[in-house]
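Sequential numbering from 42 applies to the sequence shown in the working numbering. Even glycine gets a Cβ: it sits at the ideal position worked out from N, Cα and C. None of the values given here were measured: they were computed from a predicted structure. Written out below as C-alpha cells is the structure these notes cover.
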Amino acid sequence: MKSFLLSLLILFASVTVVAAQEYHPAAQGSSVTFKIKNFGFNVDGSFSGLQGHIMFDPKDPGKASFDVSVDASTVNTDNDSRDGHLKKEDYFDVQNHPRIRFVSTGITPSGKNDGYTITGKLTIKTTTKDISFPFTATPQGDDYLFKGEFTINRRDFGVGGASTLSNNLTVFLSVLAKK
C-alpha cells in the first residue's frame, strides 16, 4: 500500500511538472523597445534588465501567467542628455521606481496557430493600468519566443508633462523565454 501511494505521488508530481512549464526571460535574444514622436519626429528607445517568471503551456493558455519587468534606469534613446532627463522624477523617476512591471491576468488563444491575446496590469511609477494586446508564442527548441506590441498613453502613467512629446507611444516586445 505504501509503495502504491508513493508511486501515485510521483506520478502526480510528474504530471504537474509537465503541465506547468516555467520560463525566464533571457537577456540575450530579448528586446523591449519603444517608439514615440518628439517634435513630430520618431524617437526610438529601449530598456534592458528584463526579469521575471513566465508559466506557459500552449495546450492550456488559460493557466499561463506572465510576471515580468524591466529596469527603468536602462532607458536608452542614444542621447545621453535625453536619457538622463527621462530618468528624473517627471518621467520615469528611476530613483524611487526602479522597475516597470507587467503582470498578466488572462491569456486566450486568438485563433491563429501561435497567436494569443494577453490581458494584464502594467505598472509605471505609482500607476497601474489594465492593458490588452496580441502576441505570438513560437517554440524555439525547449524555449519560446514571445512577440507582441501595444500602445499606451504616457500621461495615463504620469510620465512627462506638457511638451513636444506625443502622448502615445508604442512598445515592441520580443522575449526569448528559457526553461
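Roughly how many angstroms separate the alpha carbons of residue i and residue j, rounded to a whole number?
i	j	result
lysine 76	phenylalanine 191	11 Å
glycine 202	glycine 90	26 Å
threonine 146	phenylalanine 187	17 Å
isoleucine 165	alanine 218	23 Å
When DSSP builds the beta bridges, which residues end up paired with residue i?
i	result
leucine 206	Asn79
alanine 218	Pro66 and Tyr185
valine 73	Phe88 and Leu214
Would you decide whether residue i is buried or exposed? Buried here means 16 or more other CB atoms lie within 10 Å of its CB.
i	result
alanine 68	exposed
phenylalanine 82	exposed
phenylalanine 143	buried
phenylalanine 133	buried
glycine 182	exposed
proline 180	exposed
glycine 228	Nothing about residue 228 can be reported from this structure: the residues present for the chain run from 42 to 220 only.
phenylalanine 80	exposed
serine 110	buried
proline 66	buried
serine 122	exposed
serine 204	exposed
For residue i, which residues of its own chain have a beta-carbon under 6 Å away from its beta-carbon, when the five flanking residues on both sides are left out?
i	result
histidine 94	Asp108
serine 207	Ile77 and Lys78
valine 212	Phe75 and Phe191
aspartate 85	Lys76
Under 8 Å, Cβ to Cβ, is there at least one residue of chain B near residue i?
i	result
valine 116	Checking the listed chains, one finds no chain B in this structure; it contains a single protein chain.
Going by beta carbon distance, what residues of the same chain come within less than 7 Å of residue i, once the five residues before and after it are set aside?
i	result
histidine 126	Tyr132
Note down, in chain order, each residue of its chain lying with its Cβ closer than 8 Å to the Cβ of residue i, except the 5 sequence neighbours on either side.
i	result
glutamine 62	Met96, Phe97, Asp98 and Lys220
Quick one: complete alpha helix (DSSP H) runs, 4+ long, within the region 101-155?
Qualifying alpha helix (DSSP H) stretches, in chain order: 121-127.
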